[in-house]
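Just below is one structure, and these are the notes that go with it.
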Amino acid sequence: MTSKIAMRILTAIVALIFLVSWITRSGSGMSDSAFTNVRDGFLITFAVFLTLSIFSFLYRDNPFYKFAESLYVGISAGYWMSYGFWSTIVGNFVPRASRSLSEFFHVPYQERADHILIYIPIIFGLILLTRLLPKIGWLSRWSLAFIIGATAGLNLTRYLRSDFISQVSNSFIPLFVDWKGAGDFVSHISLAADGQFIAILSNWVIFVGVMCGLVYFFFSKEHKGAFGVASRIGIWILMITFGASFGYTVMGRISLLVGRITFLFGDWLNIL
Amino acid sequence: MKYIILLFLTCLSLCLSQALLAQTASSDPPAEAALVPSEPPAPPSNVRVSDLANDDGHGIRVTWDLSPDDGAGRSSVISYDIYRTLNPNDPDSLWKKVGTVVLGVRTYADRGEREPGSGSYLPKHTNLYYRVYAVGAGVRSAVATAGPAQATDDWFNTMKVPELIFCLVFLVLTVRFINMAKKGIDLYVRPLAGIEAIDEAIGRATEMGKPILYVLGIGTAGDIATIASFTVLGRVARKVAEYQTSMIVPCCDPVVMTIAQETVKTGYADAGRPDAYKEDSVYYVTSQQFPFVAAVNGTILREKPATNIYLGYFAAESLLLAETGVLAGSIQIAGTDQVSQLPFFVVACDYTLLGEELYAASAYLGREPLLLGTLKAQDYLKAIVLVCMVALLALRMITGADVISKPFDAPWW
Chain A
479 MTSKIAMRIL
489 TAIVALIFLV
499 SWITRSGSGM
509 SDSAFTNVRD
519 GFLITFAVFL
529 TLSIFSFLYR
539 DNPFYKFAES
549 LYVGISAGYW
559 MSYGFWSTIV
569 GNFVPRASRS
579 LSEFFHVPYQ
589 ERADHILIYI
599 PIIFGLILLT
609 RLLPKIGWLS
619 RWSLAFIIGA
629 TAGLNLTRYL
639 RSDFISQVSN
649 SFIPLFVDWK
659 GAGDFVSHIS
669 LAADGQFIAI
679 LSNWVIFVGV
689 MCGLVYFFFS
699 KEHKGAFGVA
709 SRIGIWILMI
719 TFGASFGYTV
729 MGRISLLVGR
739 ITFLFGDWLN
749 IL
Chain B
22 MKYIILLFLT
32 CLSLCLSQAL
42 LAQTASSDPP
52 AEAALVPSEP
62 PAPPSNVRVS
72 DLANDDGHGI
82 RVTWDLSPDD
92 GAGRSSVISY
102 DIYRTLNPND
112 PDSLWKKVGT
122 VVLGVRTYAD
132 RGEREPGSGS
142 YLPKHTNLYY
152 RVYAVGAGVR
162 SAVATAGPAQ
172 ATDDWFNTMK
182 VPELIFCLVF
192 LVLTVRFINM
202 AKKGIDLYVR
212 PLAGIEAIDE
222 AIGRATEMGK
232 PILYVLGIGT
242 AGDIATIASF
252 TVLGRVARKV
262 AEYQTSMIVP
272 CCDPVVMTIA
282 QETVKTGYAD
292 AGRPDAYKED
302 SVYYVTSQQF
312 PFVAAVNGTI
322 LREKPATNIY
332 LGYFAAESLL
342 LAETGVLAGS
352 IQIAGTDQVS
362 QLPFFVVACD
372 YTLLGEELYA
382 ASAYLGREPL
392 LLGTLKAQDY
402 LKAIVLVCMV
412 ALLALRMITG
422 ADVISKPFDA
432 PWW
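Here the protein sequences line up with chains A and B, keeping their order. Take 479 as the starting number for the first sequence in the numbering used here and just add one per residue. Take 22 as the starting number for the second sequence in the numbering used here and just add one per residue.
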């Protein structure tokens, strides 16, 4: 009961702040049109309300977050539904299917002999919808099988190049860069970023990292003995890489937060 | 709470410092960068055009000799502009600019689109003419024209010979190991902690009477990680049905949802409990990343699942999901092949399947000959690569010959 009253008081306070903000922002609008100022004031205030509602999740789940979440999901789902219709059906199917439909949707009709091919995905798409009819629902598995099989087959060669061959190719690096003997190496040793020592060290780190990383991802043998040591080095290298990646990405996320804070303190409160 | 306040204050100070910096920068006088037109550079010479090899018939290779002013002479060349037309007698305005390359480059691959409606369409079996200009500061050289050339398609892409070789080797190994598995020969696969924890996590959910949340990520049904995740989902669904607990599978893609529904349904049927399957347990949320995360986070906090399993393709939402799971007190098992997201799962989840472990998981769980054979073939391919790397590096060290630089990039075959 107490929490209900507290929630009502909180909602009233939020509504009051919303109204004050709307009125203030409308009053400080830059446009000559009163309607534009009122509209812009409402939009900024509503954006602030949604931003703070999403931030309130940091405290705990609450009705404001639920509202923002439902609105966000609803708008997004509706947008994608609409986008799918206009880009796939109107954008791809209609211009190839019928001149009158193209004229109806105001898209240019494309007359080509190979348009018959577009009926294959249409048939598969319709078959996918047979899931809605329990008696012939099994037909939808044909479409699913085609989607999985075709994409897996197409991705095989694509990923074989990008994730395997290219990476293996880039791992074939000389372990002794500009090597003219141990004496020459020792006499010219330096920690300069473009120096021989750092180049050799980098290549050794890559070589050992790739070797030990591959050993870690070898599933057919138990990780014991020398194999286990190599595997352990592999996981250490992976974890060090993850640590560096973590820090780098967190910095990127902080910049997103700065963007929101700038919006709140700059666009809304005008104190930046 | 104090950490949130601290974070807030940090961001506030960052914003203020940013505003101050912006103010300081704006007080500096603007730099003047007006280009003063100079004398036109000499044009490139000996322009040749030919069909682009190893393509689908919509590309032309343009080659030329560098302008005398490119890196020499007056050194006034900045770049080269390449133009194309169907009729060499067209006025300048009808020649279409198709590309620009920087100084020192003497070739350009004009790769067009296949669709006639697209802006960069390049027709097949049609005479095409090209012009190349050397561009200086605000001026360009006299024109160098070449043509005609026709784009034709090739049946075999010689640049993909390494893929063919690897595919054939992989195919032979896979068939061999599948046959071995079918004959009942025991193929060892080392235990994976994350996968072994799944059964334990399902047991925990049963004891607590709470659901299991299974997220397939934001990938499409064609992503390898999503396909691998379907296999694990089938196994989890089977266990869930056996233990008579419940599961929630929110999906970010309608096709993924359809396949997930089929997979879960089959899992329940395999466990002998098809009646326990609820179609609503596998549902579509939205196709956009962050609304999807907002919805799943809300579900985690409201349903408080005992176990969260995140297997599939994940991007920026990985930490958001995993952190919320920690707040809800769930056991979390994650796995993805996205290297940039693995650190977040490693820090926030109890078990993480790193990259290829996700693919191995399906074979380890199912113990089906087809999957086991594929996993074994992958392992042996890795072993071959390891041996080749060591052998080639040793060969280089012994002979001093550069036999190892980019072995798959040049068409040396």
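All C-beta atoms in this analysis are idealised placements derived from N, C-alpha and C, irrespective of residue type, glycine included. Just so we're clear, the structure is a prediction, and the values are computed from it rather than from any experiment.
Residue burial is scored here from C-beta neighbours: Val153(B) has at least 16 other C-beta atoms within 10 angstroms and is therefore classed as buried. Here Gln353(B) is buried, its C-beta having at least 16 other C-beta atoms within 10 Å. Ranked by Cα distance from Phe695(A), the options Glu377(B), Gly140(B), Ala290(B) are led by Glu377(B).
In this structure, the alpha-carbon of Glu581(A) lies about 22 Å from that of Leu595(A). The three-state reading of DSSP puts Gln353(B) in strand, counting E and B together. Not a single unbroken stretch of the alpha helix (DSSP H) spanning 4 or more residues falls wholly within the segment 141-182 of chain B. Thr629(A) sits away from Glu184(B), with the two beta carbons spaced by 7 Å or more. Here DSSP, grouped into helix, strand and coil, assigns Glu136(B) to coil. Here Ile81(B) carries a strand assignment [DSSP, helix/strand/coil]. Under the Cβ distance rule, Leu617(A) does not count among the residues neighbouring chain B, no pair being separated by less than 7 Å. Not a single C-beta of chain A is nearer than 7 Å to the C-beta of Lys286(B). Around the beta-carbon of Leu536(A), fewer than 16 other beta-carbon atoms lie within 10 Å, marking it exposed. Contact of Lys325(B) with chain A is not assigned, every C-beta pair being separated by 7 Å or more. Of the other Cβ atoms in all chains shown, fewer than 16 fall within 10 Å of the Cβ of Pro541(A); this residue is therefore exposed.
Chain order gives no chain B residues near Ser531(A), where near means a beta carbon separation below 7 Å; the closest approach is about 10 Å. Annotation for Tyr334(B): the continuous beta strand (DSSP E) segment containing it runs 328-334. The segment 248-256 of chain B and the segment 599-617 of chain A do not touch, with fewer than three beta-carbon pairs separated by less than 8 Å. Below the 9 Å Cβ cutoff, chain A contributes Ile625, Ile626, Ala628, Thr629, Ala630, Leu632, Asn633 as neighbours of Gly243(B), in chain order. Non-local C-beta neighbours of Trp500(A) in its own chain, meaning closer than 6 Å and more than five positions away in sequence, comprise Gly519, Phe520, Thr523, ordered along the chain. Residue range 390-420 is occupied by the alpha helix (DSSP H) that includes Cys409(B). A distance below 7 Å separates the beta carbons of Tyr550(A) and Pro312(B). Only those residues of the segment 258-282 of chain B whose C-beta falls short of 7 Å from the nearest C-beta of chain A are listed: Val276, Thr279, Ile280.
Residue pairing by DSSP puts Lys117(B) in a beta bridge opposite Arg105(B).
Note that the segment 239-250 of chain B touches the segment 327-345 of chain B; at least 3 beta-carbon pairs, one per stretch, sit closer than 8 Å. Contact between Ala172(B) and Leu213(B) is ruled out by a C-beta separation of about 50 Å, above the 8 Å threshold.
In the structure shown, Ile269(B) adopts extended strand secondary structure according to DSSP, grouped into three states.
In the three-state reduction of the DSSP assignment, Asp745(A) falls in the helix class, which pools H, G and I. Contact of Gln309(B) with chain A by beta-carbon distance below 7 Å involves Ser554, Trp558. From the beta-carbon of Ser649(A), the residues of chain B found nearer than 9 Å are Val406, Met410. At a C-beta separation below 7 Å, Tyr550(A) has these neighbours in chain B: Pro312, Ala315.
Phe675(A) is the residue among Leu692(A), Phe675(A), Gly505(A) whose C-alpha sits nearest the C-alpha of Gly659(A). At a cut-off of 7 Å between beta carbons, Ile522(A) makes no contact with chain B. Using a C-beta cut-off of 8 Å, the segment 715-725 of chain A makes no contact with the segment 385-401 of chain B, since fewer than three inter-stretch Cβ pairs fall below that distance.
With three or more CB-CB distances shorter than 8 Å, the segment 208-223 of chain B counts as touching the segment 346-366 of chain B. DSSP, read as helix, strand or coil, puts Leu87(B) in coil.
Per the Cβ contact rule, the segment 124-134 of chain B is not in contact with the segment 175-189 of chain B (fewer than 3 Cβ pairs under 8 Å).
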